[in-house]
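Mapped onto my numbering, the consecutive letters of the sequence shown carry residue numbers 17 to 458. Just below is one structure, and these are the notes that go with it.
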Amino acid sequence: MNTRETLKINAKGHLEIGGMDAVDIVAKFGTPLYVFDEAHIRNMMRVYKRTIDVEYGGNGLVLYASKAFSCTAVYAIAGQENIGVDVVSGGELYTALKAGFPAEKIYMHGNNKLARELEFALDNGVGNIVVDSYTEADLLDSIAESKGVKQNVLIRINPGVEAHTHEFIQTARTDSKFGFSTSDGSAEKMAAHVLAKKNLILRGYHCHIGSQIFEKQSFVLAAEKVTAFIAEIKGKLGFEADELNIGGGFGVWYNDEDPKLQPEDYAGYLKALIAAVKAKCEEYGLKRPFLLIEPGRSIVGEAGVTLYTVGAIKEIAGVRKYIAVDGGMFDNPRYALYQSKYTILLANRANEKCTEKVSVAGKCCESGDLIAVDAPLPEARCGDILAVLTTGAYNYSMASNYNRNFVPAAVLVNEGKAEYIIKPQTYEDLTRNDVMPERFNK
Numbered sequence: 017m018n019t020r021e022t023l024k025i026n027a028k029g030h031l032e033i034g035g036m037d038a039v040d041i042v043a044k045f046g047t048p049l050y051v052f053d054e055a056h057i058r059n060m061m062r063v064y065k066r067t068i069d070v071e072y073g074g075n076g077l078v079l080y081a082s083k084a085f086s087c088t089a090v091y092a093i094a095g096q097e098n099i100g101v102d103v104v105s106g107g108e109l110y111t112a113l114k115a116g117f118p119a120e121k122i123y124m125h126g127n128n129k130l131a132r133e134l135e136f137a138l139d140n141g142v143g144n145i146v147v148d149s150y151t152e153a154d155l156l157d158s159i160a161e162s163k164g165v166k167q168n169v170l171i172r173i174n175p176g177v178e179a180h181t182h183e184f185i186q187t188a189r190t191d192s193k194f195g196f197s198t199s200d201g202s203a204e205k206m207a208a209h210v211l212a213k214k215n216l217i218l219r220g221y222h223c224h225i226g227s228q229i230f231e232k233q234s235f236v237l238a239a240e241k242v243t244a245f246i247a248e249i250k251g252k253l254g255f256e257a258d259e260l261n262i263g264g265g266f267g268v269w270y271n272d273e274d275p276k277l278q279p280e281d282y283a284g285y286l287k288a289l290i291a292a293v294k295a296k297c298e299e300y301g302l303k304r305p306f307l308l309i310e311p312g313r314s315i316v317g318e319a320g321v322t323l324y325t326v327g328a329i330k331e332i333a334g335v336r337k338y339i340a341v342d343g344g345m346f347d348n349p350r351y352a353l354y355q356s357k358y359t360i361l362l363a364n365r366a367n368e369k370c371t372e373k374v375s376v377a378g379k380c381c382e383s384g385d386l387i388a389v390d391a392p393l394p395e396a397r398c399g400d401i402l403a404v405l406t407t408g409a410y411n412y413s414m415a416s417n418y419n420r421n422f423v424p425a426a427v428l429v430n431e432g433k434a435e436y437i438i439k440p441q442t443y444e445d446l447t448r449n450d451v452m453p454e455r456f457n458k
């Protein structure tokens with residue numbers, strides 16, 4: 017695929033995002049900057065919701081996996097699109113509630129939820145909590161008893177499906193820190209444990225096989241295995257699941273090594289998964305459970321672009337050419353973590369032919385502070401605007417203030433207009449929580 021086919025470039029030869037010229041966005045907001053296309057986010061939410069409504073009779077709920085990108089505006093969009101969200105920390109939960117998101121449509125995940133996070137969830141009426149250990153089940157039961165509530169829960173199970181993705185983001189392997197294996201009796205024992213709790217209401221099961229997966233059959237196999245487990249537990253323990261959360265993990269395009277999926281392709285993934293659940297429920301004589309999915313990356317990933325300004329340019333003859341930008345691993349750590357590959361271009365010269373390969377370096381005091389290596393680009397000049405595509409997921413979420421750099425601001429663009437959804441940091445923000453010991457002043 018020619019990557020140029022996937023981009024919107026205007027008559028000036030500039031990259032456009034959400035109908036707005038990237039050069040104009042930079043002139044107004046500066047760099048580095050996260051930019052999100054609102055229409056793309058809403059469209060992907062609608063694709064998933066419409067597919068469940070049509071293919072599964074509306075007996076399900078899309079949960080936006082907010083770990084991909086969490087801020088009040090994205091929760092507000094999810095609420096307006098009538099989907100749910102999942103959260104994995106007290107901070108994400110607080111942000112969703114601050115945005116006015118209805119607590120009953122929030123599912124809470126995490127393999128080591130803290131007592132204060134569980135208390136916060138129960139105090140605010142979170143709809144469902146996915147338990148991931150005996151310790152957590154016991155703790156949650158105790159907290160629920162102290163508050164006089166009965167809490168809906170799912171058990172995270174591991175169907176053992178090895179999805180073809182980076183080993184660090186496979187989450188359903190037998191040795192994963194997540195879930196209970198369905199193959200060695202662990203999941204069955206956990207189900208019996210939770211069913212014995214007086215203050216927990218077991219609604220069903222949750223699984224998630226990994227991230228950045230393009231193989232439709234992986235999702236189908238996971239659905240088949242989990243449905244078989246539902247039937248097994250019904251026979252052994254007399255409990256039939258009311259809910260099945262099949263997770264997310266749908267892949268997105270980062271560069272020409274990845275397929276460029278269209279919205280109908282994602283709908284096709286979900287249709288195949290739904291068909292598998294329907295078929296197995298009929299085969300095993302099960303009621304169709306309330307079906308939940310958790311797309312995150314596929315909703316916001318390709319909606320996001322990070323814009324930088326090119327600074328220093330350094331060429332090591334016969335070795336490498338470095339293009340330095342005003343961001344780095346503090347706003348995008350994914351290359352340092354996974355050697356993730358991106359598509360980059362000069363947003364102000366987007367039509368120009370690529371004539372060389374460069375490595376994009378950040379401004380951190382780390383030799384590994386890279387965003388791209390050997391990436392094709394026109395000959396860059398100081399002051400050019402560099403765009404890194406598909407940075408809407410797991411970039412802001414994983415950002416830090418390393419070297420006391422600012423986490424970039426974020427703007428939402430819709431129909432040619434851009435607004436802040438995360439405002440810029442200041443030096444005062446960086447020192448706000450610093451405390452000087454009184455004895456230093458003596």
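Glycine included, each C-beta is placed from N, C-alpha and C at the ideal position. All values derive from a computational prediction rather than experimental measurement.
Handout entry: V177, DSSP secondary structure in three states
Key = Here residue 177 is taken as the residue at index 161 of the sequence shown, counted from 1. V177: coil per DSSP, three-state reduction.
Exercise for the section: Starting from the Cα of S413, find the closest Cα among E299, Q355, A84 and give me that residue. Expected result: Numbered from 1 along the sequence shown, position 397 holds the residue referred to as residue 413. Of E299, Q355, A84, the smallest CA-CA separation from S413 is found for A84.
Problem - Span of the beta strand (DSSP E) around G106 - result: In the sequence shown, residue 106 corresponds to position 90, counting from 1. Run containing G106: none in the beta strand (DSSP E); it sits in the alpha helix (DSSP H), 106-114.
Practice task
Along the beta strand (DSSP E) that carries H222, what are the first and last residues, could you check?
Solution key: Counted from its first residue, the sequence shown places residue 222 at position 206. 216-222 is the extent of the beta strand (DSSP E) around H222.
Handout entry: For N215 and E280, the rounded distance between their alpha carbons
Key = Looking up residue 280 in the sequence shown gives position 264. Looking up residue 215 in the sequence shown gives position 199. Distance between the alpha carbons of E280 and N215 is about 42 Å.
Problem - Contact under 9 Å by Cβ, F422 with G378 - result: Numbered from its first residue, the sequence shown carries residue 422 at position 406. Numbered from its first residue, the sequence shown carries residue 378 at position 362. No, the pair does not count as a contact, with Cβ atoms beyond the cut-off.
Handout entry: Element boundaries [alpha helix (DSSP H), containing A208]
Key = Your numbering for residue 208 matches position 192 in the sequence shown. Going by DSSP, A208 is part of the alpha helix (DSSP H) stretching over 202-211.
Problem - As assigned by DSSP and simplified to three states, the class of K65 - result: Along the sequence shown, read from residue 1 onward, the residue named residue 65 stands at position 49. Under the three-state reduction of DSSP, K65 is assigned to helix.
Exercise for the section: Go ahead and pull the three-state DSSP assignment for V423. Expected result: The sequence position of residue 423 within the sequence shown is 407, counting from 1. Three-state result, V423: coil.
Exercise for the section: Return the residue from the list C380, A415, V335 that minimises the CA-CA distance to V389. Expected result: In the sequence shown, residue 389 corresponds to position 373, counting from 1. Answer by Cα proximity: V335.
Exercise for the section: Look up N457 in the DSSP assignment and say whether it is helix, strand or coil. Expected result: The residue you call residue 457 lines up with position 441 of the sequence shown. Looking at N457 - three-state DSSP - the assignment turns out to be helix.
Practice task
Would you kindly work out how many angstroms separate the C-alpha atoms of N364 and L402, rounded to a whole number?
Solution key: The residue given as residue 364 occupies position 348 in the sequence shown. The residue given as residue 402 occupies position 386 in the sequence shown. Rounded to whole angstroms, N364 to L402 spans 8 Å at the Cα level.
Exercise for the section: Please name the residue in T447, F456, A426, L446 whose C-alpha comes closest to that of K44. Expected result: For the purposes of this step, residue 44 is identified with residue 28 of the sequence shown, where counting begins at 1. Per the Cα distances, A426.
Problem - DSSP-derived helix/strand/coil call for K357 - result: Walking along the sequence shown from the start, residue 357 turns up at place 341. Look at K357 here: in three-state DSSP terms it is coil, with no helix or strand label.
Handout entry: Selection from G176, A333, F194, D272 that minimises the alpha carbon distance to D200
Key = Sequence index remark: in the sequence shown, residue 200 carries index 184 (1-based). Nearest C-alpha to D200: G176.
Practice task
Could you tell me the distance, in whole angstroms, from the CA atom of S197 to the CA atom of E298?
Solution key: Start at 1 with the first residue of the sequence shown, and residue 197 comes out as number 181. Start at 1 with the first residue of the sequence shown, and residue 298 comes out as number 282. Going by the C-alpha atoms only, they are around 24 Å apart.
Practice task
With a threshold of 16 other CB atoms inside 10 Å of the CB of T322, please say whether the residue is buried or exposed.
Solution key: As a position in the sequence shown, residue 322 is number 306, starting the count at 1. T322 comes out buried.
Problem - Extent of the continuous alpha helix (DSSP H) to which L253 belongs - result: For the purposes of this step, residue 253 is taken as the residue at position 237 of the sequence shown. From DSSP, the alpha helix (DSSP H) with L253 extends over 232-253.
Practice task
Take A469 and list the residues in its own chain whose beta-carbon comes closer than 7 Å to its own, dropping the five residues that flank it on each side.
Solution key: The question about residue 469 has no answer, for the chain in this structure spans 17 to 458.
Handout entry: Beta bridge counterpart(s) of I430 as assigned by DSSP
Key = Position 414 of the sequence shown, counted from the start, is the residue given in the question as residue 430. A small correction: the amino acid at residue 430 is Asn; Ile does not occupy that position in the sequence shown. According to DSSP, N430 shares a beta bridge with K433.
Handout entry: For M36, the residue or residues it bridges with in DSSP
Key = Here residue 36 refers to the residue found at position 20 of the sequence shown. Per DSSP, I33.
Problem - Rounded Cβ spacing between L307 and V293 (contact assumed at less than 8 Å) - result: For the purposes of this step, residue 307 is taken as the residue at position 291 of the sequence shown. For the purposes of this step, residue 293 is taken as the residue at position 277 of the sequence shown. Indeed, because the Cβ distance is near 6 Å, the residues count as touching under 8 Å.
Practice task
Let me know if D445 comes out buried or exposed under the rule of 16 or more other beta-carbons within 10 Å of its beta-carbon.
Solution key: Here residue 445 is taken as the residue at index 429 of the sequence shown, counted from 1. D445 is exposed by the Cβ-count criterion.
Handout entry: Pairwise C-alpha distance: G46 and N461
Key = With the chain represented from 17 up to 458, any question about residue 461 goes unanswered, as that position is not in the structure.
Practice task
Pair every Cβ in the region 229-237 with every Cβ in the region 283-292, then say whether three or more of these pairs are closer than 8 Å.
Solution key: The way I'd put it, the region 229-237 does touch the region 283-292; three or more beta-carbon pairs between them come closer than 8 Å.
Exercise for the section: For I290, collect the residues of the same chain with a Cβ closer than 6 Å to its Cβ; drop the 5 residues on either side in sequence, then sort them by chain order. Expected result: Here residue 290 refers to the residue found at position 274 when the sequence shown is read from its first residue. Same-chain partners within the cutoff: E71, Y72.
Handout entry: Residue span of the beta strand (DSSP E) that contains I460, given as start and end
Key = Here the chain comprises residues numbered 17 to 458, so residue 460 is not present and cannot be evaluated.
Practice task
Could you work out which residue in V376, D40, A112 is closest to G141 when comparing CA atoms only?
Solution key: One-based indexing of the sequence shown puts residue 141 at position 125. Cα-wise, what sits closest to G141 is A112.
Handout entry: DSSP three-state assignment for D281, whether helix, strand or coil
Key = Walking along the sequence shown from the start, residue 281 turns up at place 265. D281: helix per DSSP, three-state reduction.
Exercise for the section: Report yes if the C-beta distance between E273 and K373 is below 9 Å; otherwise report no. Expected result: Walking along the sequence shown from the start, residue 273 turns up at place 257. Walking along the sequence shown from the start, residue 373 turns up at place 357. Their beta carbons are not under 9 Å apart, which means E273 does not touch K373 by this criterion.
Practice task
Please list, in chain order, all residues of the same chain as A396 whose beta carbon is under 8 Å from its beta carbon, the five residues on each side excluded.
Solution key: By one-based count along the sequence shown, residue 396 stands at place 380. Within the same chain, A396 has close Cβ partners V326, I329, I339, L362, V374, L402.
Practice task
Give every residue of the same chain whose Cβ lies closer than 6 Å to the Cβ of P440, excluding the five residues on either side of it in the sequence, and list them in chain order.
Solution key: In the sequence shown, counting from the first residue as 1, residue 440 sits at position 424. Here the set comprises A425.
Exercise for the section: Check whether the Cβ atoms of K433 and M36 sit closer than 9 Å, and answer yes or no. Expected result: Indexing the sequence shown from 1 puts residue 433 at position 417. Indexing the sequence shown from 1 puts residue 36 at position 20. Contact flag set, yes.
Practice task
Would you mind sorting I437 into buried or exposed? The rule is 16 or more other CB atoms within 10 Å of its CB.
Solution key: Taking the sequence shown and counting its residues from 1, one reaches residue 437 at position 421. Looking at its Cβ environment, which holds 16 or more other Cβ atoms inside 10 Å, I437 is buried.
Practice task
Could you give the DSSP three-state label for G95: helix, strand or coil?
Solution key: Here residue 95 corresponds to residue number 79 of the sequence shown, with the count starting at 1. Note: G95 maps to helix in three-state DSSP.
Problem - Nearest-angstrom Cβ-Cβ length linking R313 and A409, presumed shorter than 8 Å - result: Mapped onto the sequence shown, residue 313 falls at position 297. Mapped onto the sequence shown, residue 409 falls at position 393. With 8 Å as the limit, R313 and A409 qualify as a contact, their Cβ atoms being about 4 Å apart.
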